[in-house]
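Asks: Residue numbers (my numbering), protein chains in the order written: chain A, 32 to 133; chain B, 6 to 176.
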Amino acid sequence: MIPMSHYLIVSSIMFFVGVYGFIARKNLLAVLISIELILNSVEINFSVFNRYLYPDHLEGMFFSLFGIAISAAETAVAIAIIINIYRVAGNIDVRHIDKLKH
Amino acid sequence: MIGTLIVFYILAAVIVVSSVLAVTSRRMLRAATFLLLVLISTAGLYLLLNYHFLAVVQLSVYAGGILILFIFAILLTSSRGDRTEAHDRQRMVWGIVTVVAGIGITTWVTLKHKFLYSDNPTIAGDQQIPVSRIGHALMGTDKYEYLLSFEALSILLLACMLGGILIARKR
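1. Given this structure, state the Cα-to-Cα distance separating residue 107 (chain B) from residue 40 (chain A), to the nearest angstrom.
2. For residue 36 (chain A) and residue 87 (chain A), I'd like the C-alpha separation in whole angstroms.
3. Check whether the Cβ of residue 48 (chain A) lies closer than 8 Å to any Cβ atom in chain E.
4. Run the CB neighbour count on residue 129 (chain B), radius 10 Å, all protein chains shown included, and call it buried at 16 or more, exposed below.
5. Could you tell me which residues DSSP puts in a beta bridge with residue 76 (chain A)?
6. Who are residue 141 (chain A)'s beta bridge partners in DSSP?
7. So is residue 47 (chain B) buried or exposed if we call it buried at 16+ other beta carbons inside 10 Å?
8. Taking all protein chains shown into account, decide if residue 40 (chain B) is buried (16 or more other Cβ within 10 angstroms of its Cβ) or exposed.
9. From what residue to what residue does the alpha helix (DSSP H) around residue 156 (chain B) run?
10. Measure the CB-CB distance between residue 126 (chain A) and residue 28 (chain B) and report whether it falls below 8 Å.
11. Can you look up residue 128 (chain B) in the DSSP assignment and give me helix, strand or coil?
12. Less than 8 Å between the CB atoms is what I'm expecting for residue 48 (chain A) and residue 25 (chain B), so what's the real figure, rounded?
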């Protein structure tokens, strides 16, 4: 049996790598990829806690399912906004996006 | 038993290396490919946890759907090569400090804390969850059943589909 803490360490590494990307990257799509990493690590945590601490219940697995669906929705809208920003501003660098209207 | 452990460590190594490469790679298409590796390995972790349904959903929604969206967006928004991003030393240093501190604190807390049942192999059973149970829980209205959130989620998906079309269409 794999110890539960190993799963948690893997997911925390994934989470903080995502946080690093969120801080350090400037391409909007790279920021979005970092957010995906963060959400994915959270979903791993939900299902690991469910499997190891409450194996008779299904709540953690359903939270993971709903999390996957919500992150799909969020990604779709975010990519639509990014494509629109590209059309208006010409690039998707977060340093150059400082106007709400033009 | 030992095989499961080896598979877990392979998946963990793939996850760690690919996620680091996904956020540090200068080329966006490579970053998306490493994200794909991370997501597939996560599906492998779900299989190790005996959540087969969750692994299939992860593969089909994340690796099948979201990655395609990402690749479309990268190809649509990369104009003059996709390596235009310059380094920013200060942000990188602060990011690395945050990451090292965060990983240190969470690892310390995780290893120090005694989880109930965490070392009991009989509890975290090896049987997989039947899909009929998942379906009943997803479509029921009793306690621990999720019809309302399921329907709210379907409305959310419809709304964001319409929103995506409205935002991204040509005027």
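The C-beta atom is built at its ideal place from N, Cα and C for all residues, glycine as well. Since this is a predicted model, take the numbers as computed values, not measurements.
Replies: So, from the listed chains and residues:
1. Each residue's Cα considered, the two are about 11 Å apart.
2. Our two residues, residue 36 (chain A) and residue 87 (chain A), have alpha carbons roughly 20 Å apart in a direct line.
3. This model lacks chain E altogether, as its protein chains are A and B.
4. In this prediction, residue 129 (chain B) scores a pLDDT of 48, lower than 50, which makes its location untrustworthy; the coordinate-derived value is nonetheless stated afterwards. A residue is called buried once 16 or more other Cβ atoms fall within 10 Å of its Cβ, and residue 129 (chain B) is buried on that count.
5. In the DSSP output, where bridge partners are listed per residue, residue 76 (chain A) has none listed.
6. Nothing about residue 141 (chain A) can be read from this structure; chain A reaches only from 32 to 133.
7. So residue 47 (chain B) counts as buried.
8. With a threshold of 16 other beta carbon atoms within 10 Å, residue 40 (chain B) meets it and is buried.
9. 152–173 is the extent of the alpha helix (DSSP H) around residue 156 (chain B).
10. Annotated as distal: residue 126 (chain A) and residue 28 (chain B), with beta-carbon spacing of 8 Å or more.
11. The predicted position of residue 128 (chain B) is uncertain, since its pLDDT is 49 and thus under 50; no value can be drawn from it.
12. Rounded, the Cβ-Cβ distance is 6 Å, consistent with contact.
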